[in-house]
Amino acid sequence: MARKVNLRIWRGDSTSGSLQNVEVDANEGEVVLDVIHRVQATQMGDLAVRWNCKAGKCGSCSMEINGKPRLACMTRMSSFEEGEEITVTPLRAFPVIKDLVADVSFNYKKAMEIPAYEHPADLGPGEARMEQIDVERSQEFRKCIECFLCQDTCHVIRDHEENKKSFAGPRFFIRIAELDMHPLDMLKNRKRTAQEEHGLGMCNITKCCTEVCPEHIRITDNAIIPMKERVVDVKYDPARWLGSKIRRREG
Amino acid sequence: MSGVFSPSRAQIKERTLRTDKWWLQPLATFGVLFSFVIYATFRAFEGKYYYAEHLISPFYSPCLSEACVPEAVIGGFNPISAQIFNFPLSPALIILIFPLGFRMTCYYYRKAYYRAFWMSPPACAVAEPHKKYTGETRQPLILQNAHRWFFYAGLIFNIILTYDAILSFKNKEGEWGHMSVGSLVLVFSTAMLWMYSLSCHTCRHTIGGRLKHFSKHPIRYKAWTTISRLNHSHALFAWISLFAVAFADIYVRQVASGAWTNIQIF
Chain A
439 MARKVNLRIW
449 RGDSTSGSLQ
459 NVEVDANEGE
469 VVLDVIHRVQ
479 ATQMGDLAVR
489 WNCKAGKCGS
499 CSMEINGKPR
509 LACMTRMSSF
519 EEGEEITVTP
529 LRAFPVIKDL
539 VADVSFNYKK
549 AMEIPAYEHP
559 ADLGPGEARM
569 EQIDVERSQE
579 FRKCIECFLC
589 QDTCHVIRDH
599 EENKKSFAGP
609 RFFIRIAELD
619 MHPLDMLKNR
629 KRTAQEEHGL
639 GMCNITKCCT
649 EVCPEHIRIT
659 DNAIIPMKER
669 VVDVKYDPAR
679 WLGSKIRRRE
689 G
Chain B
2 MSGVFSPSRA
12 QIKERTLRTD
22 KWWLQPLATF
32 GVLFSFVIYA
42 TFRAFEGKYY
52 YAEHLISPFY
62 SPCLSEACVP
72 EAVIGGFNPI
82 SAQIFNFPLS
92 PALIILIFPL
102 GFRMTCYYYR
112 KAYYRAFWMS
122 PPACAVAEPH
132 KKYTGETRQP
142 LILQNAHRWF
152 FYAGLIFNII
162 LTYDAILSFK
172 NKEGEWGHMS
182 VGSLVLVFST
192 AMLWMYSLSC
202 HTCRHTIGGR
212 LKHFSKHPIR
222 YKAWTTISRL
232 NHSHALFAWI
242 SLFAVAFADI
252 YVRQVASGAW
262 TNIQIF
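For the record, the sequence lines run as chains A and B. Mapped onto the numbering used here, the consecutive letters of the first sequence carry residue numbers 439 to 689. Mapped onto the numbering used here, the consecutive letters of the second sequence carry residue numbers 2 to 267.
Next comes the structure, spelled out in structure tokens:
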């Protein structure tokens with residue numbers, strides 16, 4: 439059964455914009471993206487919205503719904519109270535292009551700065567062997583759909599534009615953790631560069647990235663904090679440093 | 002204009018558009034932690050009512066000062082002067098830096114107080130009030146990296162508090178095999194401190210998290226999976242242990258001051 443809902447949709451571009459009210463039908467079982475598409479089809483033909491799979495797997499329809507970074511395709515209309523006004527805006531950590539579409543290219547630049555996996559030189563194609571228990575930690579991070587909601591909610595860049603130069607953000611900390619925990623990755627200085635070049639030390643672990651992750655990756659507990667501890671091993675723990683000098687320690 | 006008000010971003014004047022009660026959690030955290038700090042400070046300076054009939058307050062154990070009542074001192078080891086620069090030094094002040102440091106540098110409490118006290122940020126997707134932010138890259142916050150040293154110290158404290166809890170199974174005459182309400186209070190408080198320590202992220206890292214190849218270390222892998230399960234509840238243990246320790250101190254204080262009677266169960 440359809441019901442009327444009141445939407446406030448941010449419309450504009452990088453020069454100006456405002457929240458515009460619109461009343462639209464919402465049917466049982468629908469998600470916010472369905473309702474936005476109905477607005478686009480019936481009332482705002484030029485409304486810009488990015489979307490693709492409608493199944494929570496492509497990460498395209500990231501936006502802020504009632505101030506919270508969410509996937510529009512995974513936010514059920516039934517989760518709102520009867521008569522509740524629903525405010526929809528683009529991601530507020532990134533420059534806006536038009537309406538609900540933000541420019542997330544910052545993330546692609548950061549992705550290119552992360553050193554890639556380095557394969558053991560003595561292993562040829564098809565010779566690599568790994569045990570499941572050695573790769574399962576990294577596999578959690580491979581669930582990332584690159585929706586960039588974690589990047590959007592992270593106050594280090596959301597509230598401080600100037601930090602974007604020196605801070606990779608939670609999405610790329612899980613990438614660094616994935617590689618550092620990879621049983622065959624041979625790159626030696628990943629921990630140091632995480633701290634010194636990618637800004638791991640700027641994270642104050644307030645866990646907002648974990649709260650918004652639609653894949654329920656435990657970003658802070660399983661990636662950022664373990665990486666911070668690994669950085670302590672190589673940079674701030676004299677006993678570990680001494681141990682590494684006395685005898686070669688490798689896990 | 003920076004942050005969410007930067008010129009290139011969607012021009013929205015509100016610092017957040019959240020409609021839920023996002024302020025409730027930081028406010029509650031602030032209230033509880035601030036109350037604890039006030040109480041702990043009062044008790045640390047009070048310097049009395051910390052020992053009563055084989056019960057010693059966790060705020061005052063180990064009692065290392067010459068000012069300690071003899072029964073509270075373990076093996077006659079009280080090497081620290083009762084005064085510093087002619088000011089009386091409460092025995093609690095000598096040791097509180099260790100449990101305090103462990104909690105201050107704890108990954109869970111960092112989240113809690115960065116949000117509640119420093120508002121950095123007050124809640125997710127709520128703009129923080131600070132103009133600049135450098136995180137934990139500079140002094141003094143770079144000292145958060147010392148968490149593991151406080152963790153090691155915390156383990157020593159846990160062993161001592163376990164010893165204290167065992168001693169509470171004596172009766173007034175010093176005979177073993179008796180139990181009072183105070184024994185249960187100390188046992189619960191110590192058990193929660195152990196759970197808080199063992200579920201800690203540093204413990205998880207030390208036990209096995211730093212390994213690259215779990216398959217080469219099956220026992221450490223088993224231990225790591227157990228600690229990882231506990232780690233899911235680290236925040237819960239952080240709060241329960243805080244309340245348990247505070248209550249244990251209150252209980253001992255009330256018994257020591259004569260306000261409450263420590264009921265002997267058997």
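Cβ atoms here follow ideal geometry from the backbone N, Cα and C, with glycine treated the same way.
Using a Cβ-Cβ cutoff of less than 7 Å, which residues in the same chain neighbour residue i once the five nearest sequence positions on both sides are dropped?
{"i": "A/Glu523", "result": "Asn444, Arg446"}
{"i": "B/Ala257", "result": "Tyr50, Tyr51, Tyr52, Ala53"}
{"i": "B/Tyr115", "result": "Ser121"}
{"i": "A/Cys496", "result": "Asn490, Ile583"}
{"i": "B/Trp195", "result": "Asn159"}
{"i": "B/Leu243", "result": "Phe37"}
{"i": "A/Ala440", "result": "Asp463, Ala464, Asn465"}
For a contact defined as C-beta to C-beta under 8 Å, what are the partners of residue i on chain A?
{"i": "B/Thr135", "result": "Met640"}
{"i": "B/Tyr252", "result": "Within chain A, no residue comes near B/Tyr252; the closest Cβ sits about 33 Å away, beyond 8 Å."}
Note down, in chain order, every chain A residue with its Cβ under 7 Å from the Cβ of residue i.
{"i": "B/Ala239", "result": "Going along chain A, no residue has its Cβ under 7 Å from B/Ala239, so there is no contact; the nearest lies around 13 Å."}
{"i": "B/Thr138", "result": "Gly639, Met640"}
{"i": "B/Asn232", "result": "Asp659"}
Cα separation between residue i and residue j?
{"i": "B/Phe189", "j": "B/Ile251", "result": "14 Å"}
{"i": "B/Leu25", "j": "B/Ala124", "result": "10 Å"}
{"i": "B/Gln145", "j": "B/Glu137", "result": "7 Å"}
{"i": "A/Leu561", "j": "A/Leu622", "result": "10 Å"}
{"i": "A/Ser498", "j": "A/Phe544", "result": "15 Å"}
{"i": "A/Lys626", "j": "A/Thr648", "result": "28 Å"}
{"i": "B/Tyr109", "j": "B/Leu212", "result": "23 Å"}
{"i": "B/Cys64", "j": "B/Ile75", "result": "7 Å"}
{"i": "B/Tyr164", "j": "B/Thr207", "result": "25 Å"}
{"i": "B/Phe248", "j": "A/Arg628", "result": "45 Å"}
{"i": "B/Phe60", "j": "B/Arg44", "result": "8 Å"}
{"i": "B/Ala154", "j": "A/Asp597", "result": "37 Å"}
{"i": "A/Asn642", "j": "B/Thr106", "result": "11 Å"}
{"i": "A/Gly450", "j": "B/Ser7", "result": "15 Å"}
{"i": "A/Glu569", "j": "B/Leu231", "result": "25 Å"}
{"i": "B/Pro100", "j": "A/Asp484", "result": "60 Å"}
{"i": "B/Pro27", "j": "B/Ala239", "result": "16 Å"}
{"i": "B/Val253", "j": "B/Val182", "result": "11 Å"}
{"i": "A/Lys548", "j": "A/Phe586", "result": "12 Å"}
{"i": "A/Glu461", "j": "B/Val5", "result": "27 Å"}
{"i": "B/Ala273", "j": "B/Lys217", "result": "A query on residue 273 of chain B cannot be resolved here, the shown segment of chain B reaching from 2 to 267 and no further."}
Bridge partners of residue i, per DSSP?
{"i": "B/Arg230", "result": "Bridge partners of B/Arg230: none, in fact."}
{"i": "A/Thr527", "result": "A/Glu502"}
{"i": "B/Tyr222", "result": "B/Tyr222 pairs with nothing; no bridge assigned."}
{"i": "B/Glu129", "result": "The partner list for B/Glu129 (beta bridge, DSSP) is empty, contrary to what the question assumes."}
{"i": "A/Asn459", "result": "A/Arg446"}
{"i": "A/Ala464", "result": "A/Arg441"}
{"i": "A/Arg596", "result": "Paired residues: none, contrary to the question."}
Might you give, ordered along the chain, the residues of its own chain that have their beta carbon closer than 6 Å to the beta carbon of residue i, omitting 5 neighbours on each side?
{"i": "B/Arg19", "result": "none"}
{"i": "A/Arg613", "result": "Ile552"}
{"i": "A/Ala540", "result": "Pro528, Leu529, Phe532, Val534"}
{"i": "A/Lys673", "result": "none"}
{"i": "A/Asn459", "result": "Arg446"}
{"i": "B/Cys69", "result": "Asn79, Pro92"}
So which residues on chain B does residue i lean against when the C-beta distance must stay under 8 Å?
{"i": "A/Gly450", "result": "Ala11, Gln12"}
{"i": "A/Asn627", "result": "By Cβ distance, chain B contributes nothing, its closest Cβ being about 15 Å from A/Asn627, past 8 Å."}
{"i": "A/Glu616", "result": "Neighbours of A/Glu616 on chain B: none; closest Cβ ~12 Å, over 8 Å."}
Could you work out which residues of chain B lie near residue i, taking near to mean beta carbons separated by less than 7 Å?
{"i": "A/Pro533", "result": "Ser9, Arg10"}
{"i": "A/Val645", "result": "A small fix is needed here, since residue 645 of chain A is Lys in this sequence, not Val. Those are Lys112, listed as they occur along chain B."}
{"i": "A/Thr525", "result": "Leu18"}
{"i": "A/Tyr674", "result": "Asn146"}
{"i": "A/Gly505", "result": "Thr17, Leu18, Arg19, Thr20, Ala126"}
{"i": "A/His557", "result": "Residues of chain B passing the Cβ test: none, with the nearest at roughly 15 Å."}
{"i": "A/Pro621", "result": "Lys213, His214"}
How about residue i: is its C-beta nearer than 9 Å to some C-beta of chain D?
{"i": "A/Thr513", "result": "Among the protein chains of the structure shown, namely A and B, there is no chain D."}
Below 9 Å on C-beta distance, what does residue i contact in chain A?
{"i": "B/Val5", "result": "Arg530, Ala531, Arg596, Asp597"}
Just to confirm my understanding: we take residue i, look at its own chain, exclude 5 residues before and 5 after, and list those with CB closer than 8 Å. What are they?
{"i": "A/Phe611", "result": "Ala632, His636, Leu638, Cys641, Ile657, Ala661, Ile662, Met665"}
{"i": "B/Trp23", "result": "Thr17, Pro123, Ala124, Cys125, Val127"}
Give the interface partners of residue i over in chain B, defined as CB-CB distance under 9 Å, in chain order.
{"i": "A/Met501", "result": "Residues of chain B passing the Cβ test: none, with the nearest at roughly 10 Å."}
> Closer than 7 Å, Cβ to any Cβ of chain A: which residues of the segment 99 to 131 of chain B, in chain order?
Replying inline: Tyr108, Arg111, Lys112, Tyr115, Arg116, Ser121, Pro122, Cys125, Ala126, Ala128, Glu129
>> Please list, in chain order, the residues of the segment 478 to 499 of chain A that have any C-beta partner in chain B closer than 7 Å.
In response: none
> Along the segment 7 to 27 of chain B, what residues have a CB closer than 7 Å to any CB found in chain A?
Replying inline: Ser7, Ser9, Arg10, Ala11, Gln12, Ile13, Thr17, Leu18, Arg19, Thr20
> Residues in the segment 569 to 587 of chain A with C-beta within 9 Å of chain B's C-beta atoms, listed in sequence order?
Replying inline: Glu569, Gln570, Ile571, Asp572, Glu574, Arg575
> What residues in the segment 450 to 478 of chain A bring their beta carbon closer than 8 Å to a beta carbon of chain B?
Replying inline: Gly450, Ser452, Ser454, Gly455, Ser456, Leu457
> In the segment 48 to 77 of chain B, which residues sit with their C-beta less than 7 Å from some C-beta in chain A, listed in chain order?
Replying inline: none
> Name the residues in the segment 195 to 218 of chain B whose C-beta lies less than 9 Å from a C-beta of chain A; which are they?
Replying inline: His202, Thr203, Arg205, His206, Thr207, Gly209, Gly210, Arg211, Leu212, Lys213, His214, Phe215, Ser216, Lys217, His218
> Any residues in the segment 148 to 176 of chain B with a beta carbon nearer than 7 Å to a beta carbon of chain A? Which ones, in chain order?
Replying inline: Arg149
>> Beta carbons nearer than 7 Å to chain B: which residues of the segment 661 to 673 of chain A have them?
In response: Ile663, Pro664, Glu667, Arg668, Val670, Asp671
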